[in-house]
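S.K.:
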Amino acid sequence: MFKGLVKWARIKSPWILHMNCGSCNGCDIEILAALIPRLDAERFGVLLKGSPRHADVLVCTGPVTKQMKERLKRVYDQMPEPKFVVVVGQCGSSGGIYQGAYGVEGGIDKVIPVNAYIPGCPPRPDAIADGLIKLLASIAKGGNP
Amino acid sequence: MVCRKGVESIDILLTLLYLFIFPGFIFLFAFSLFTEYLDRKIYARMQRRVGPPFLQPFADLVKLSAKEDVVPENAERFMFTAAPIIGLAAIFAAFLYLPIVSSTGLHSFNGDLIVVLYLLTIPTLAMFLGGWYSGNVFGQKGGMRVASLLFSYEIPFFLTLLTPALIEGSWKMADIVTFEITHPLVFIISFLGFVIGLIALQGKLERLPFDIPEAETEIVAGPLVEYSGRRLALFRLARDAEMVVGAGLLAVVFLAGPEPIVHLEPVYLSWIVGALVFLAKTLFVIFLLILIKSAVARIRTDQMISFAYKWLIPLTLVQIFIAIIVRFLGGI
Ligand code: SF4
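From first to last, the protein sequence lines stand for chains V and H. Using the numbering used here, the letters of the first sequence correspond one by one to residues 791 to 935. Using the numbering used here, the letters of the second sequence correspond one by one to residues 106 to 437.
(1) Helix, strand or coil: how does DSSP classify Gly882 (chain V) here?
(2) Between Gly886 (chain V) and the rest of its own chain, which residues show a CB-CB distance below 6 Å, the 5 nearest in sequence each way excluded?
(3) In three-state DSSP terms, what is Trp798 (chain V)?
(4) Please list, in chain order, all residues of the same chain as Leu838 (chain V) whose beta carbon is under 7 Å from its beta carbon, the five residues on each side excluded.
(5) If you drop the 5 nearest sequence neighbours on each side, which residues of the same chain put their C-beta closer than 7 Å to that of Val357 (chain H)?
(6) Counting along the chain, where does the alpha helix (DSSP H) carrying Trp237 (chain H) start and finish?
(7) Assess contact between the region 350-364 of chain H and the region 293-310 of chain H, defined as three or more Cβ pairs (one per stretch) separated by less than 8 Å. Is contact present?
(8) Could you list the residues in the region 809-827 of chain V with a C-beta less than 7 Å from some C-beta on chain H, going in chain order?
(9) With 7 Å as the C-beta to C-beta threshold (strictly closer), list the residues of the region 828-845 of chain V near chain H in chain order.
(10) Quick one: measure Cβ to Cβ for Ser232 (chain H) and Pro328 (chain H), integer angstroms, because I've assumed they're closer than 8 Å.
(11) Looking at the secondary structure, which residues open and close the beta strand (DSSP E) in which Leu848 (chain V) lies?
(12) On the criterion of 16 or more Cβ atoms from any shown chain inside 10 Å, does Ala400 (chain H) qualify as buried, or is it exposed?
(13) Consider the C-beta atom of Gln857 (chain V) and the heavy atoms of the ligand SF4; say whether any pair is separated by less than 7 Å.
(14) Determine the chain V residues that contact Glu331 (chain H) at a beta-carbon separation under 8 Å, and present them in chain order.
(15) How big is the Cα-Cα spacing for Pro935 (chain V) and Phe874 (chain V)?
(16) Can you give the Cα-Cα distance for Gln457 (chain H) and Pro314 (chain H), rounded to whole angstroms?
(17) Below 8 Å on the Cβ atoms is my guess for Gly835 (chain V) versus Gln152 (chain H); work out the distance and round it to an integer in Å.
(18) Does Phe200 (chain H) pass the burial test, meaning 16 or more other C-beta atoms within 10 Å, or should it be called exposed?
(19) Looking at the strands, I want to know which residues DSSP matches up with Thr387 (chain H).
(20) Can you confirm whether Lys863 (chain V), when its beta carbon is compared against all beta carbons of chain H, has any partner nearer than 8 Å?
(21) Arg1016 (chain V) touches chain H at which residues, Cβ-Cβ below 8 Å?
(22) Put Ile806 (chain V) into one of helix, strand or coil per three-state DSSP.
(23) Does DSSP classify Pro874 (chain V) as helix, strand or coil?
(24) With 8 Å set as the bound, which would you pick, yes or no: does the beta-carbon of Leu807 (chain V) sit closer than that to a beta-carbon of chain H?
(25) With a threshold of 8 Å between beta-carbons, can Gln152 (chain H) be considered close to chain C, or not?
(26) For a test of your reading of the model: does the CB of Cys811 (chain V) fall under 7 Å from any non-hydrogen atom of the ligand SF4? Yes or no.
(27) Return the CA-CA distance between Cys108 (chain H) and Arg182 (chain H), expressed in angstroms with no decimal places.
(28) For chain V, check one thing: does any of its Cβ atoms lie closer than 8 Å to the Cβ of Pro318 (chain H)?
(29) So the beta strand (DSSP E) Tyr946 (chain V) belongs to, where does it begin and stop?
(30) Return the chain-ordered list of same chain residues with a C-beta closer than 7 Å to the C-beta of Met106 (chain H), the five sequence neighbours on each side being excluded.
(31) Indicate whether Gly235 (chain H) and Pro177 (chain H) have their beta-carbon atoms separated by less than 8 Å.
(32) Could you give the DSSP three-state label for Glu895 (chain V): helix, strand or coil?
Here is the structure:
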């Protein structure tokens, strides 16, 4: 019963941390647009947090540049378990148009484990909200804790 | 003898009930979560949003308590853990002195108003200590902001809460509420004090427009930046409970708390009515706090301090002056 309660709480209150690992800023604007009053992410308990210590879901955008690689790892390590990673945009999924550039490492999944990808260049705000909801649904179904 | 023993054990039972269930710890716990829900919901409605579901604060609390327990390398382990517990304990202790069910609280004595005021200062200090010992630059910066803003709202808050006591001539909350209900003119005389108390309480709770210590856009999350999991949950709970107790204190001192008491038989019926009246008044104060929060934006540190010293404190002095004149003219 207690486990069920904790799981319910986890699904009901995903606090997100938004991190730009070298994107062109297109995806970041769309993430902010997904949090506007019109879509109202707080209905699902989503809050945007400033500190990695408070967050449950790391929302990353953009290809990982060589400079950002260490920082991304550090922010990921600072988040307390259980934590999830959502990648927004084509660049974050595979490197996108920056693939093979001299300063770029590649997709986010080259550096940290990723739970969900939201493709698009950039994805629509409702697609981002939908991706997050799908992640929560997959947690509800069993998946990882 | 046997009979006396029976009476005593019922008394003990009632006291325990008062301490732990209603209106003690469990009730305060539930009511603070409800206040947070109300806060977020009304705030959302004012922004034309739907807002969080009813159990949201509870879900946040459970989720945070089930998260990994992180103590940063640079943090002082003992103080880091103790700070939220001290803050929460002080607020729970303060709550017991408020007259909730009848005009006397659990234990009423001359000067309980001052005890509650001092107990309500401790969470601020706990916040400062927690930020300071978390070993993070943002945390220390936030802690310093907490400490430096302390005097800009604490002085008006203390002074303004003492005006009804001055008019009445007693430091006992039970006397103040009974006096207020027999002399309704006090409400008009101390109206200015009530407004000042609201603004100062808003600063005390570090809510908009005075949320300078945890300004997200400047210093991430202020003193709470390194807190995670259980400790963060305790701090959040302490914040909500502080809102309840602060609003309750204003309701007691300026709006006469659980009075007017209707005397019903058996006695616990009149306690229930008293508690309902108290809750209605507290919710009214909380509603006003939420309105302030959703109507304004954050101001700078220097603006807050000059606002406090140029406006709040002089106005408080005016209020005290009025109270003294009223008393000099022979009371009301
Ligand atoms: S996916 Fe498109 S919009 Fe997003 S960071 Fe890459 S190039 Fe920019």
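Backbone N, C-alpha and C define an ideal beta-carbon position, used for all residues, glycine too.
M.R.: Taking the coordinates as given:
(1) Residue mapping note: residue 882 (chain V) aligns to position 92 of the first sequence, counting from 1. In the structure shown, Gly882 (chain V) sits in a helix (DSSP, three-state: H, G or I).
(2) As a working note, residue 886 (chain V) is residue 96 in the first sequence. So the list reads Gln880, once near-sequence residues are dropped.
(3) The count along the first sequence starts at 1 and reaches residue 798 (chain V) at position 8. It is helical.
(4) Position 48 of the first sequence holds residue 838 (chain V). Here the set comprises Ile806, His808 and Leu825.
(5) Position 252 of the second sequence holds residue 357 (chain H). These residues qualify, in order along the chain: Leu203, Pro204, Met278 and Val282.
(6) Here residue 237 (chain H) is taken as the residue at index 132 of the second sequence, counted from 1. Run containing Trp237 (chain H): Asp217 to Tyr238, per the alpha helix (DSSP H) assignment.
(7) yes
(8) Pro827
(9) Asp830, Glu832, Arg833, Gly835, Gly840, Ser841, Arg843 and His844
(10) Residue numbering aside, residue 232 (chain H) sits at position 127 when the second sequence is read from its first letter. Residue numbering aside, residue 328 (chain H) sits at position 223 when the second sequence is read from its first letter. For the record, residue 232 (chain H) in the displayed sequence is Met; it is not Ser. About 5 Å; that satisfies the 8 Å criterion.
(11) Indexing the first sequence from 1 puts residue 848 (chain V) at position 58. Element bounds for Leu848 (chain V): Val847 to Thr851.
(12) Numbered from 1 along the second sequence, position 295 holds the residue referred to as residue 400 (chain H). Ala400 (chain H) is exposed by the Cβ-count criterion.
(13) Taking the first residue of the first sequence as 1, we reach residue 857 (chain V) at position 67. Checking the Cβ of Gln857 (chain V) against the ligand SF4 gives no.
(14) The residue given as residue 331 (chain H) occupies position 226 in the second sequence. Near Glu331 (chain H) (Cβ distances below 8 Å), the residues of chain V are Ser841 and Arg843.
(15) Reading the first sequence from its first residue, position 145 is the one you call residue 935 (chain V). Reading the first sequence from its first residue, position 84 is the one you call residue 874 (chain V). In this prediction, Pro935 (chain V) scores a pLDDT of 43, lower than 50, which makes its location untrustworthy; the coordinate-derived value is nonetheless stated afterwards. Rounded to the nearest angstrom, the two C-alpha atoms are 10 Å apart.
(16) What is shown of chain H runs 106 to 437, which leaves residue 457 (chain H) out entirely.
(17) Your numbering for residue 835 (chain V) matches position 45 in the first sequence. Your numbering for residue 152 (chain H) matches position 47 in the second sequence. About 17 Å separates the two Cβ atoms, so there is no contact after all.
(18) For this step, residue 200 (chain H) is matched to residue 95 along the second sequence. Phe200 (chain H) should be labelled buried.
(19) Mapped onto the second sequence, residue 387 (chain H) falls at position 282. Its beta-bridge partners do not exist; DSSP assigns none.
(20) In the first sequence, the residue the question calls residue 863 (chain V) occupies position 73. So, not an interface residue.
(21) No information on residue 1016 (chain V) is available, as it lies outside the stretch 791 to 935 that chain V covers here.
(22) Residue 806 (chain V) sits at position 16 when you count from the first residue of the first sequence. It is a strand residue.
(23) In the first sequence, the residue the question calls residue 874 (chain V) occupies position 84. It is worth fixing the name first, because residue 874 (chain V) is Phe in this sequence and not Pro. Strand at Phe874 (chain V).
(24) The residue labelled residue 807 (chain V) in the question sits at position 17 within the first sequence. Judged by the 8 Å Cβ criterion, Leu807 (chain V) is not in contact with chain H.
(25) Protein chains in the displayed structure are V and H, and chain C is not among them.
(26) Translated into positions along the first sequence, residue 811 (chain V) becomes position 21. Cys811 (chain V) Cβ: outside cutoff for every heavy atom of the ligand SF4.
(27) For this step, residue 108 (chain H) is matched to residue 3 along the second sequence. For this step, residue 182 (chain H) is matched to residue 77 along the second sequence. Residue placement at Cys108 (chain H) is flagged as unreliable, the pLDDT there being 45, under the threshold of 50; a coordinate-derived value is accordingly withheld.
(28) Taking the second sequence and counting its residues from 1, one reaches residue 318 (chain H) at position 213. By this cut-off, Pro318 (chain H) is not an interface position.
(29) The question about residue 946 (chain V) has no answer, for chain V in this structure spans 791 to 935.
(30) Here residue 106 (chain H) corresponds to residue number 1 of the second sequence, with the count starting at 1. Confidence in Met106 (chain H) is poor, its pLDDT being 37 and thus under 50, which makes the residue's placement too unreliable to answer from.
(31) On the second sequence, residue 235 (chain H) is found 130 positions in, with the first residue counted as 1. On the second sequence, residue 177 (chain H) is found 72 positions in, with the first residue counted as 1. No, they are not a contact pair.
(32) Residue mapping note: residue 895 (chain V) aligns to position 105 of the first sequence, counting from 1. Of the three classes helix, strand and coil, the one that applies to Glu895 (chain V) here is strand, per DSSP.
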